[in-house]
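In full-length UniProt numbering, the protein residues as written are 1 to 234.
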């Protein structure tokens with residue numbers, strides 16, 4: 001913590017949000033620009049509490065909180081005893097989607113799509129997306145692909161995890177992800193390294209064309225070997 005010494009007598013001026021109040025206060029001063037650095041040593045829960053201290057903490061800690069907070073959306077009922085029930089968008093999710101820039105999409109059970117699926121909010125501000133499909137319906141995959149493609153211009157990290165044979169459609173189109181630096185493709189252990197878990201030609205093309213800024217790639221070693229045969233990693 002930094003202190004602002006006011007006089008040789010050792011008094012310290014106290015920094016307050018209420019600048020219009022002429023009443024002098026003496027005490028420790030925390031320089032505002034130090035707050036983001038302090039947040040590096042704090043957990044998310046602690047940062048949320050610190051934001052309530054004053055306007056300076058709220059202003060400087062909020063961007064850090066946004067960058068470190070994930071919102072989780074389960075595209076399923078969440079109960080194995082009630083499969084094939086209609087999925088409903090939880091209350092408050094829409095508001096949270098406007099706040100955070102990190103999203104995790106999950107599906108664990110067979111679930112029917114909601115009747116008003118077209119009302120799902122348009123999301124274009126995501127920088128990090130994690131996809132975890134243990135069980136996947138077509139409507140879930142289509143919605144997930146739409147979310148990924150809508151944030152393509154600013155998306156920086158994408159983790160795609162599944163446990164069955166499927167294509168990796170975000171790579172297959174003409175949409176370019178100019179800022180994506182980190183890509184993780186994880187196939188389920190049950191079927192991996194079964195041929196077809198990942199479309200090697202599609203991923204190979206994506207590494208060079210769709211993800212031009214890619215710096216980090218996590219993928220199964222067997223799939224990486226097959227991709228290397230496409231001669232794109234040379």
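Glycine included, every Cβ here is placed at the ideal spot set by N, Cα and C.
Just how far apart, CA to CA, sit residue 205 and residue 110?
Along the chain shown, read from residue 1 onward, the residue named residue 205 stands at position 205. Along the chain shown, read from residue 1 onward, the residue named residue 110 stands at position 110. So the two alpha carbons sit approximately 32 Å from each other.
Beta carbon of residue 185, beta carbon of residue 211: below 8 Å?
By 1-based counting over the chain shown, the position of residue 185 is 185. By 1-based counting over the chain shown, the position of residue 211 is 211. Not closer than 8 Å, so no.
Residue 131 versus 140, 125, 216 and 52, residue with shortest Cα-Cα distance
Here residue 131 corresponds to residue number 131 of the chain shown, with the count starting at 1. If we check each option's Cα against that of residue 131, 140 comes out closest.
The ligand HEM heavy atom lying under 7 Å from the CB of residue 209:
Absence of the ligand HEM from the depicted structure is noted, as is the absence of any ligand whatsoever, leaving it without description.
Would you list the one or two residues that DSSP bridges to residue 157?
Translated into the one-based positions of the chain shown, residue 157 becomes position 157. DSSP output for residue 157 lists 128 and 182 as bridge partner(s).
By alpha-carbon positions, which one of 69, 88, 72 and 39 ends up nearest to residue 60?
The residue labelled residue 60 in the question sits at position 60 within the chain shown. Closest option to residue 60, Cα to Cα, is 39.
If you follow the alpha helix (DSSP H) that residue 150 is in, where does it begin and where does it stop?
Counted from its first residue, the chain shown places residue 150 at position 150. Counting along the chain, the alpha helix (DSSP H) containing residue 150 begins and ends at 138 to 150.
Residue 99 to residue 58, Cα distance in whole Å?
Taking the first residue of the chain shown as position 1, residue 99 is located at position 99. Taking the first residue of the chain shown as position 1, residue 58 is located at position 58. For residue 99 and residue 58, the distance between alpha carbons rounds to 14 Å.
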